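So in this note's numbering, spot 124 of the sequence shown is number 343, and the numbers just go up one at a time. All remarks here apply to the structure that follows.
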Amino acid sequence: MAHAAPSSSAPGTRHTARAPQPSDVFDARIHAVALWAVPVLGGLVYGFWAAAINRGGGPITGWNILFGFVCAIVFAVACVGVLLVAPLLRRELHAVLWAVFAGLAFGFIYSQADHSVWRSTMMSLGVAFGVFAVNFYRYYTHEDAAGHQLG
220 MAHAAPSSSA PGTRHTARAP QPSDVFDARI HAVALWAVPV LGGLVYGFWA AAINRGGGPI
280 TGWNILFGFV CAIVFAVACV GVLLVAPLLR RELHAVLWAV FAGLAFGFIY SQADHSVWRS
340 TMMSLGVAFG VFAVNFYRYY THEDAAGHQL G
């Protein structure tokens, strides 16, 4: 048998609907660790990828390892910079900054595979445009014009 669930409000009182708040599974300490761990791990993957493409199947050399670590450090520092600066910008510039970062990172990796400068530039512009479109849509639907979260 199905019965109606009892109402939590007394008769005659008004129910006001509240917007659901997103759950925050992790505490502030985990977010602080992730702010540094994600760029470092991303940088290590990026550096390994760049070094692997750069050596072209040849032997692993000291210069190749140095190249990978330099790429990893540059990527991680740039990523941390974007993570710290981007939230301070308006939504348009926020999306542009992420697009520039993604386009440059992709363009450099793509150029390591001995593609022409023209093709590397066009491919990185395509990636940057896609990243801009997705980020702009997200920020436009989740922030006001000053960059504050809606809701």
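By construction, the Cβ of each residue, glycine as well, lies at the ideal position given by its N, Cα and C atoms. Remember, predicted model here, so these are calculated numbers, not experimental data.
- Residue C290 holds the alpha-carbon nearest to the alpha-carbon of V259 among D246, N354, C290, T360.
- Annotated as proximal: H313 and Y358, with beta-carbon spacing under 7 Å.
- W337 sits exposed, since fewer than 16 C-beta atoms from the chains shown fall within 10 Å of its C-beta.
- In this structure F325 touches V346 by the C-beta definition: roughly 4 Å separates them, less than 8 Å.
- In the DSSP assignment, S339 falls within the alpha helix (DSSP H) that extends over 336 to 361.
- Our two residues, A269 and L285, have alpha carbons roughly 11 Å apart in a direct line.
- Residues A314, A318 of the same chain have their beta carbon placed closer than 6 Å to that of F351, with the five preceding and five following residues left out of the count.
- DSSP, reduced to helix, strand and coil, places A247 within a helical segment of the structure shown.
- Pairing A321 with G262, the inter-Cα distance amounts to about 13 Å.
- For F294, the number of other beta carbons within 10 angstroms of its own is at least 16, and it is reported as buried.
- Spanning the alpha carbons of A332 and G275 requires a straight line of approximately 8 Å.
- A distance below 7 Å between beta-carbons, with the five flanking residues on each side excluded, links S339 to the following residues of its chain, in chain order: G326, Y329, S330.
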